[in-house]
Amino acid sequence: MGPLRSVRGGQSVSRLHVTTTGNVVFSGHLDITSLGGAGFASQRTLESHWDLRGFDGLKIQTVPSSGPEMWYSLNIYTSARDNSEPGASSRVNWKFSFSAGEELVSPRWAEFKPNYRGKEVVVNPPSLDVVRITAWSIMCQSYFGEQHGDFHLEIVLVQAE
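Quick note, the sequence shown lines up with residues 403 to 563 if you use our numbering.
Quick look at the structure:
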């Protein structure tokens, strides 16, 4: 089982582990009380390099959830910075959101929206450079109080297509 993580003073926690069948389980607890309705829990890969030129997007397959419907996002990181904020130090990530009730989704690259510190970049949005992907993350966020509590997502497949 992966380590528990807590970020930015929040009380949300998450873990990531591989099942005996080879599926990946992302689970934890999404707390919204510590930060006034805000909250998120995530797990991210180590820095590496993926070159996905020649592919149009991804295929994401999950096991149907038996609990309450929760929304998750798959995030892609490159070395891009937010161009609208002078001196920005955080990286932009490209976010695609999906429900655990959707067993199979096939987002195209254009469906991944640039985000900076939790907000969509609308001024001078950078383009996703699929040749320079450096990391990936899976996230469950509160959407400012819209969802909270325990979550469990079993991922069967994430594949470029």
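Cβ coordinates follow ideal geometry from the N, Cα and C atoms, glycine included. From a predicted model like this one, the values you see are computed outputs, not experimental measurements.
For residue i, three-class secondary structure by DSSP
{"i": "A502", "result": "coil"}
{"i": "E513", "result": "helix"}
{"i": "V560", "result": "strand"}
{"i": "Q549", "result": "coil"}
{"i": "F442", "result": "strand"}
{"i": "L530", "result": "coil"}
{"i": "T423", "result": "coil"}
{"i": "V375", "result": "Any question about residue 375 goes unanswered here, given that the chain covers just 403 to 563."}
When the options are compared against residue i, the one with the closest alpha-carbon
{"i": "L555", "options": "P527, P528 and W473", "result": "W473"}
{"i": "G520", "options": "T480, Y545 and E505", "result": "Y545"}
{"i": "L530", "options": "I478, S492, E522 and A562", "result": "I478"}
{"i": "L432", "options": "Q549, I557 and G503", "result": "Q549"}
{"i": "V465", "options": "H419, G503 and E563", "result": "G503"}
{"i": "S416", "options": "E563, A562 and M541", "result": "M541"}
{"i": "S501", "options": "V523, L476 and A443", "result": "L476"}
Cα-Cα separation, residue i to residue j
{"i": "S539", "j": "V427", "result": "13 angstroms"}
{"i": "K461", "j": "L454", "result": "13 angstroms"}
{"i": "P516", "j": "G424", "result": "30 angstroms"}
{"i": "Q413", "j": "V560", "result": "28 angstroms"}
{"i": "Q543", "j": "D552", "result": "12 angstroms"}
{"i": "S508", "j": "I535", "result": "18 angstroms"}
{"i": "L506", "j": "F457", "result": "18 angstroms"}
{"i": "W511", "j": "E471", "result": "25 angstroms"}
{"i": "P527", "j": "N495", "result": "11 angstroms"}
{"i": "S492", "j": "V558", "result": "31 angstroms"}
{"i": "L418", "j": "Q445", "result": "7 angstroms"}
{"i": "V523", "j": "A562", "result": "24 angstroms"}
{"i": "S450", "j": "A537", "result": "6 angstroms"}
{"i": "S481", "j": "S468", "result": "37 angstroms"}
{"i": "V532", "j": "T447", "result": "16 angstroms"}
Segment limits, beta strand (DSSP E) that includes residue i
{"i": "R417", "result": "V415 to V420"}
{"i": "S429", "result": "V426 to L432"}
{"i": "L454", "result": "Run containing L454: none; DSSP gives neither H nor E here."}
{"i": "I540", "result": "A537 to Q543"}
{"i": "T464", "result": "L460 to T464"}
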